[in-house]
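Reading through the structure tokens given below for one structure.
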Amino acid sequence: MHRVWEASICYILLPNRGKASCAGEQVSRWAVLSENRVLSPLPLTIKMSQQQVFEQSIQINAPATVVEHCIADRVLMHRWLNPALRCDPVGEWSTDMGSRSRFVIEVPLLQPTLESTVVEREPGLIVWEFDGFFKGRDRWECQPIEKGTRLLNRFEFEVPNPIIRWGFNTFAAALTQQDMQAQLRRLKRVAEGQIGK
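This is the structure we're talking about:
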């Protein structure tokens, strides 16, 4: 059996012919097994998801249309976005379906970039799908409530490079969650400040 990094190795002895599984992950190839003895072992590949999800919400004392505008308007976006993060349009700025942009992290010399595309768009909903050193989706959903809006931000992603993934999980994961919460608080101030303008 081939080892598959980032996944536990399964030692499988099953009667007759079966489809092997480990920790709930289905193995992608068949192994020929009979009488508890492997007759013709085949390479087994175990696909393990590395996806992570950060989700948070905040109540904003402003209508959902105002909150959505603060997310979709690039000038207002940069008032609540992390100061080390810059969003540049590819072509004309838009949050319509299929619109593209680049999120650039302002790190000296490196400036890593995420290529982003709007993949879901409805009133009160924007979902960006991004590709780069991170791969995943950033979902912003404005849910009207009695006294304003509940804003839900769901960030689901994986880091394909194992070295970068280890560094992120070790040093940056907790800080990223804290920063996302801080962004929501800044967005709340921006949105509530738009009332009456």
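Position in the sequence shown counted from 1, then plus 251, gives you my numbering. Positions of the beta carbon are idealized from the N, C-alpha and C atoms, including for glycine.
Cα-Cα separation between residue i and residue j, rounded to whole angstroms
i	j	result
residue 407	residue 302	7 angstroms
residue 235	residue 371	There is no way to answer for residue 235, as the model of the chain reaches only from 252 to 448.
residue 362	residue 387	19 angstroms
residue 246	residue 352	Since the displayed the chain opens at 252 and closes at 448, residue 246 lies outside it and no answer follows.
residue 369	residue 447	30 angstroms
residue 433	residue 350	26 angstroms
residue 326	residue 428	24 angstroms
residue 312	residue 375	15 angstroms
residue 347	residue 307	24 angstroms
residue 329	residue 413	31 angstroms
residue 439	residue 420	28 angstroms
residue 319	residue 304	22 angstroms
residue 389	residue 396	22 angstroms
residue 418	residue 399	39 angstroms
residue 343	residue 416	33 angstroms
residue 426	residue 385	16 angstroms
residue 310	residue 364	30 angstroms
residue 379	residue 373	12 angstroms
Extent of the continuous beta strand (DSSP E) to which residue i belongs
i	result
residue 426	Not the beta strand (DSSP E): residue 426 falls in the alpha helix (DSSP H), residues 424–444.
residue 336	336–340
residue 382	376–382
residue 349	That residue, residue 349, is in no beta strand (DSSP E); it is neither H nor E in DSSP.
residue 364	364–373
Element boundaries [alpha helix (DSSP H), containing residue i]
i	result
residue 418	413–418
residue 470	Past the edges of the chain, shown from 252 to 448, lies residue 470, and the structure says nothing about it.
8 angstroms contact criterion, which residue i and residue j should meet: CB distance rounded
i	j	result
residue 455	residue 401	The requested residue 455 does not occur in the structure, where the chain is confined to residues 252 to 448.
residue 354	residue 381	7 angstroms
residue 321	residue 410	Wrong, their Cβ atoms sit about 29 angstroms apart, outside the cutoff.
residue 383	residue 366	6 angstroms
Three-state secondary structure assigned by DSSP to residue i
i	result
residue 304	strand
residue 357	coil
residue 410	coil
residue 397	coil
residue 319	helix
residue 273	Caution applies to residue 273, whose pLDDT of 41 falls short of 50 and renders its modelled position unreliable; the value that the coordinates give is listed next. Residue 273 falls in the strand class under three-state DSSP.
Practice task
Would you check if the segment 396–414 and the segment 331–342 touch, i.e. whether three or more CB-CB distances between them fall below 8 angstroms?
Solution key: Too few Cβ pairs lie closer than 8 angstroms, so no.
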